[in-house]
Amino acid sequence: MSDKKLDFFGKRKIFFGISIGLIVIGIIFNFIFGINLDIQFTGGSMISYTYNGSVNESELKSLVQEITPDNQVSFTISKNLAGNNDKGDGYYFTVQFPGTDQIDTEVQSTILQTLEEKYPDNNFELSEFTSVDPTMGTKFFVKCLTAVAIACILMVLYVTLRFKKIGGMSAGVMGLVALLHDMVIVYFVFVIFRMDIDSNFIAVILMILGYSLNDTIVIYDRIRENKAKMGPKASLEDVYNLSMTQCIRRTIFTSITTLAAITSVYVVCLVYNIESIQSFALPMMFGVISGCYSSIYVATPLWVIWQLRKKEKASSKK
Amino acid sequence: MKRVAKPVFFILAVLIIAFAVTSVFGIDTQYGDIVITRIKGIDDIRWGIDIKGGVEATFQPADGVDATPEQLESAKSVIETRMVANNITDYELYADTSSNRIIVRFPWKEETTNYDPNEAIEEISATATLTFRPGNSYETVDYAEDGTPVMKTPTGETAETVLLDGSLVESAQAGVINDNGQTQYVVSLEFNSEGAEAFKEATTTYLNQTISIWMDDIMLSYPTVNSVISDGSAQISGNFTAEEATALATKINAGALPFSLETVNAGSISPTLGSNSLYAMGVAAVIALVFIALFMIIVFRMPGFVAVIALLGQLAITIMAVSGYFPVFNSFTMTLPGIAGMILSIGMGVDANIITAERIKEELKKGKSVDSAINAGTKNSLSAIIDGNMTVVIVAVILILVFGPFNMLSFIFGLSTTGSIYAFGYTLLIGVISNFIMGIGAARLMLKSISGFKIFRNPKLYGGAKK
Chain U
5 MSDKKLDFFG
15 KRKIFFGISI
25 GLIVIGIIFN
35 FIFGINLDIQ
45 FTGGSMISYT
55 YNGSVNESEL
65 KSLVQEITPD
75 NQVSFTISKN
85 LAGNNDKGDG
95 YYFTVQFPGT
105 DQIDTEVQST
115 ILQTLEEKYP
125 DNNFELSEFT
135 SVDPTMGTKF
145 FVKCLTAVAI
155 ACILMVLYVT
165 LRFKKIGGMS
175 AGVMGLVALL
185 HDMVIVYFVF
195 VIFRMDIDSN
205 FIAVILMILG
215 YSLNDTIVIY
225 DRIRENKAKM
235 GPKASLEDVY
245 NLSMTQCIRR
255 TIFTSITTLA
265 AITSVYVVCL
275 VYNIESIQSF
285 ALPMMFGVIS
295 GCYSSIYVAT
305 PLWVIWQLRK
315 KEKASSKK
Chain H
44 MKRVAKPVFF
54 ILAVLIIAFA
64 VTSVFGIDTQ
74 YGDIVITRIK
84 GIDDIRWGID
94 IKGGVEATFQ
104 PADGVDATPE
114 QLESAKSVIE
124 TRMVANNITD
134 YELYADTSSN
144 RIIVRFPWKE
154 ETTNYDPNEA
164 IEEISATATL
174 TFRPGNSYET
184 VDYAEDGTPV
194 MKTPTGETAE
204 TVLLDGSLVE
214 SAQAGVINDN
224 GQTQYVVSLE
234 FNSEGAEAFK
244 EATTTYLNQT
254 ISIWMDDIML
264 SYPTVNSVIS
274 DGSAQISGNF
284 TAEEATALAT
294 KINAGALPFS
304 LETVNAGSIS
314 PTLGSNSLYA
324 MGVAAVIALV
334 FIALFMIIVF
344 RMPGFVAVIA
354 LLGQLAITIM
364 AVSGYFPVFN
374 SFTMTLPGIA
384 GMILSIGMGV
394 DANIITAERI
404 KEELKKGKSV
414 DSAINAGTKN
424 SLSAIIDGNM
434 TVVIVAVILI
444 LVFGPFNMLS
454 FIFGLSTTGS
464 IYAFGYTLLI
474 GVISNFIMGI
484 GAARLMLKSI
494 SGFKIFRNPK
504 LYGGAKK
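Set out below in structure tokens:
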């Protein structure tokens, strides 16, 4: 039984290739699509309404534009599946004000009044509105990133201390590399699905931060244990392959259950068309997959390579 | 091995299920029409405005005025008074002196059908008008959550006559006087010269009668005039506690603030959008739990079954910590990131059980007996679980420190409207702690206890080969 092991290390180049490929694709998409920071971070204003039935869209847009002639506003109209009633299908109508100016409360009430007068049968209602001061938005964003950075540093320190026996520092740094890998993947999910970087992004990043490193640590723990058992003569590749073989079921099972929980959130919110939760569950699903993948194929093989290098250097010095 | 006594499994299982049921449904007792919540359940959870819908706004003194901390505190007390007057109890309100801002967040009231966020924001941030009026007749009394009466809307002479307004008040301060050997808390008022004159006149006219002090539509205090006051400094005494005196002084000062508030940030989410997402989350949670339970029991059998019970326990503790099940802990506002924290901690809880179950399976395959396999399996898996959970604790603690009431980085970034991320750290930390209690502590005890029964000692139940 203990002899049966799969050759994970031998296939490392394929998996590094996959990771690098995904990142390259992400970067390309990033250049094509660009990325939108949500007004939570950039500052600015957005108002969203719900209505039922059909409305001439271009007429609706020009109507709103007339009310604020100074601002070139942009619009989106999307289906509100939960809002269907006897007056027809439900829709969301979102007005985004450009730049970082705050919009007047008067403008807001005028818009709603005009819409109600013009379309009395369409049940126009205010659904959401946000207005953020630009300096506060930026500060908040930087604060979030700082908190993430501090958490990263402390976690690497913890791993370095706890895994001294398997070259603490290298384990910590490679765990961090896997973390960055996952955060970048999550970022690309936001890019590819054209979602704004908002507080959901921060929440997903935070969750992946915990999930990814936990996954990596469980494997490190097995390596630490096997290394002690197999003695100093065993090759690192063997230790890694054996540890991975033993851990793979657990890693996959854990990911399946976590993924299932998040997927059910996603699917239900898709049915009810709750966008705020969808845009939080979808990247989280990818983050969990990436977190599972990176601890198997990024963090630990890189750690093996680092350790092998170190050994080589030590022996060439002799 | 040292086996755990057989009844332990049943005692723990019953306890956990009892906790889980009460944490979800709460315990209410009913006397006639009055329902009293004995233990808070899931319905009593305070949902953040991103889930339930509500208003969030940040204010600052208009025209770039730099308010002193006391002035900001006064401005905050205005908003507080208005919240209480409108019977909004679950609001969050902070004054941030470093960035000169006041942040308020409150959900829509249950019965609100006609919600207008702009109106609501303007209403709460409007400049407070402080008035001194003769008599103390009022129209209505509401009761705040803590039972204190809120007297609203002046009537009769009180409504018709205004003796002084807030602009004539220089300052109000809480203080202590020694009244015949008895310590008494009082509020001292200082008027400016114009105010002193007006107050002299008022106290002459209404000597030995009542003069009431109002903020907007709400009566703050109704002292009786004991003597004519001509020097522009008065004292209000009564059976104040220290807090009451301070609160009154702060409110009176608010009427004399030299600035108005302007809205910096504002946001609102409609209650329909909110209630919808709440229902959807409930559906999703049930589906996810059923799937996890089936998966664990089918794949891991006995350890899986025990894990499901432990998981219920972990969930129950998290819900309790949020809903305020134990009166010692305050209830907590639950937001979307808070739910993310819960999902992560449940993932970690499931993980802890999977690691252990896999280990037990491995030990059985090595040919060990059920007893020693459980023993070795639980022992060998401990370090991985602890190390994994500790790193998550680090994340959670950092978030709580940075975004919570401690505001670790606020000297650089200022206090921001980030209650939602604090919620992530909070639920995550609670989740991980309950994982230690349930997923690691209780699950292991239950497993060792149930394996003491002969019928439960078949290695097949633990993923091992047939005997």
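Chains as they are written, first to last, in this note's numbering: chain U, 5 to 322; chain H, 44 to 510. Positions of the beta carbon are idealized from the N, C-alpha and C atoms, including for glycine. Here the structure is a predicted model, which means the values were calculated and not measured.
(request) Flag this pair as yes or no: are the beta carbons of Val212/H and Phe234/H separated by less than 8 Å? (result) For the pair Val212/H and Phe234/H, the CB atoms are nearer than the 8 Å cut-off.
(message) Against Phe310/H, what residues of chain U qualify as contacts under a CB-to-CB distance less than 8 Å, listed in chain order?
(response) It should be noted that the sequence gives Gly, not Phe, for residue 310/H. Those within 8 Å of Gly310/H in chain U are Glu132, Phe133, Thr134, Ser135 and Val136.
(message) By the three-class DSSP mapping on this structure, what secondary structure does Lys195/H have?
(response) When DSSP states are grouped into helix, strand and coil, Lys195/H belongs to the strand group.
(request) Compare the C-beta of Leu286/U with all C-beta atoms of chain H and state if any pair is closer than 8 Å. (result) Not one chain H Cβ lies under 8 Å of Leu286/U.
(request) Whole angstroms is fine: what's the gap from Thr261/U's alpha carbon to Gly390/H's? (result) So the two alpha carbons sit approximately 7 Å from each other.
(request) From the DSSP output, read off the bridge partner residues of Thr46/U. (result) Bridge partners of Thr46/U according to DSSP: none are assigned.
(request) For my contact list, Thr54/U and Phe79/U are in at a C-beta cut-off of 8 Å; report their separation, rounded to the angstrom. (result) That pair is no contact at about 14 Å.
(request) Please decide whether Leu149/U counts as near chain A, where near means a Cβ-Cβ distance under 8 Å. (result) Note that chain A does not occur in the displayed structure, where the protein chains are U and H.
(request) List the residues of chain H whose Cβ lies closer than 9 Å to the Cβ of Val269/U, in chain order. (result) In chain order, Ala323, Met324, Ala327, Ala328, Ile330, Ala331, Ile382 and Ile386 make up the part of chain H whose C-beta sits under 9 Å from the C-beta of Val269/U.
(request) For Val435/H, return the contacting residues in chain U, with the cut-off set at a CB-CB distance below 7 Å. (result) Within chain U, the C-beta atoms nearer than 7 Å to that of Val435/H come from Gly214 and Asn218, in chain order.
(message) For chain H, check one thing: does any of its Cβ atoms lie closer than 8 Å to the Cβ of Glu129/U?
(response) For Glu129/U, the answer is yes, since a Cβ of chain H falls inside 8 Å of its Cβ.
(request) Put Tyr123/U into one of helix, strand or coil per three-state DSSP. (result) Correct three-state label for Tyr123/U: coil.
(message) I'd like to know whether the C-beta of Val222/U is nearer than 8 Å to at least one C-beta of chain H.
(response) At least one chain H Cβ lies under 8 Å of Val222/U.
(request) Please decide whether Gln100/U counts as near chain H, where near means a Cβ-Cβ distance under 8 Å. (result) Answer no: the Cβ-Cβ gap between Gln100/U and chain H never drops below 8 Å.
(request) Could you check which residue in Phe133/U, Ile196/U, Ile71/U and Ser113/U has the C-alpha nearest to that of Tyr96/U? (result) Relative to the Cα of Tyr96/U, the nearest Cα in the group Phe133/U, Ile196/U, Ile71/U and Ser113/U belongs to Phe133/U.
(message) For the beta strand (DSSP E) containing Ile88/H, name the first residue and the last one.
(response) DSSP places Ile88/H outside any beta strand (DSSP E), giving it a letter other than H or E.
(request) For the segment 105-156 of chain H, list the beta strand (DSSP E) runs that are entirely contained and at least 3 residues long, ordered along the chain. (result) With a minimum length of 3 residues, the continuous beta strand (DSSP E) runs that stay inside the segment 105-156 of chain H are 135-139 and 144-150.
(request) Using a Cβ cut-off of 8 Å (strictly closer), state whether Ala182/U contacts chain H. (result) For Ala182/U, the answer is no, since every Cβ of chain H falls outside 8 Å of its Cβ.
(request) Since I believe Ile437/H is in contact with Leu158/U (beta carbons under 8 Å), could you give me their beta-carbon distance rounded to a whole number of angstroms? (result) Correct: roughly 5 Å between the Cβ atoms.
(request) Would you check if the distance between the CB atom of Lys195/H and the CB atom of Asp208/H is smaller than 8 Å? (result) At least 8 Å separates the beta-carbon of Lys195/H from that of Asp208/H.
(message) I need the DSSP call for Ser62/U, collapsed to helix, strand or coil.
(response) Annotated three-state conformation of Ser62/U is helix, per DSSP.
(request) Could you name each continuous beta strand (DSSP E) segment of 3 residues or more that falls completely within the segment 301-337 of chain H, going from the start of the chain to the end? (result) Runs of beta strand (DSSP E) with 3 or more residues, each lying fully within the segment 301-337 of chain H, are found at 304-312, listed in chain order.
(message) Just to confirm, is the Cβ distance from Ser299/U to Asp219/U under 8 Å?
(response) Going by C-beta atoms, Ser299/U is nearer than 8 Å to Asp219/U.
(request) Pull up the distance between the alpha-carbon of Ser283/U and that of Phe194/U, whole angstroms please. (result) Cα-Cα distance, rounded: 8 Å.
(request) Round the Cβ separation of Leu26/U and Ile209/U to the nearest angstrom and send it over; I've been treating them as touching at under 8 Å. (result) In this structure, Leu26/U and Ile209/U do not form a Cβ contact; the two beta carbons are roughly 17 Å apart against a cut-off of 8 Å.
(request) Please classify Ala277/H: does DSSP put it in a helix, a strand, or coil? (result) In the structure shown, the three-state DSSP call for Ala277/H is strand.
(request) Measuring only between beta-carbons, confirm whether Leu115/H sits less than 8 Å from chain U. (result) Interface with chain U (8 Å Cβ-Cβ cutoff): Leu115/H is excluded.
(request) Rounded to whole angstroms, what's the CA-CA distance from Ala110/H to Ser311/H? Just pull it up for me. (result) The alpha-carbon of Ala110/H is positioned some 27 Å away from that of Ser311/H.
(message) Any contact between the segment 135-142 of chain U and the segment 41-51 of chain U? By contact I mean 3 or more CB pairs, one from each, below 8 Å.
(response) The segment 135-142 of chain U is in contact with the segment 41-51 of chain U.
(request) Find the residues of chain H that neighbour Thr118/U, judging by a C-beta separation of less than 7 Å, and give them in chain order. (result) Near Thr118/U there are no residues of chain H at all, since even the closest Cβ is about 15 Å away, more than 7 Å.
(request) Note down, in chain order, each residue of its chain lying with its Cβ closer than 6 Å to the Cβ of Thr114/U, except the 5 sequence neighbours on either side. (result) By the criterion of a C-beta distance shorter than 6 Å, Thr114/U is surrounded in its chain by Ile71, once the five residues flanking it on both sides are discounted.
(message) Measuring alpha carbon to alpha carbon, tell me which residue in Asn308/H, Ala299/H and Ala400/H is nearest Ala215/H.
(response) Among Asn308/H, Ala299/H and Ala400/H, the Cα nearest to that of Ala215/H is on Ala299/H.
(message) If you measure between the beta carbons of Asp245/U and Lys17/U, is that distance less than 8 Å?
(response) Sequence inspection shows Asn at residue 245/U; the Asp mentioned does not correspond to that position. Not closer than 8 Å, so no.
(message) Report the start-end ranges of each alpha helix (DSSP H) in the segment 372-418 of chain H that is 4 residues or longer and not cut off at the edges.
(response) Under the rule that a run must span 4 or more residues, the alpha helix (DSSP H) segments found entirely inside the segment 372-418 of chain H read 379-408.
(message) For Pro160/H, count the other beta carbons within 10 Å of its own beta carbon; 16 or more makes it buried, fewer makes it exposed. Which is it?
(response) Burial call: buried.
(request) Identify the contact partners of Glu405/H in chain U, using a Cβ-Cβ distance below 8 Å as the criterion. (result) Gln250, listed in chain order.
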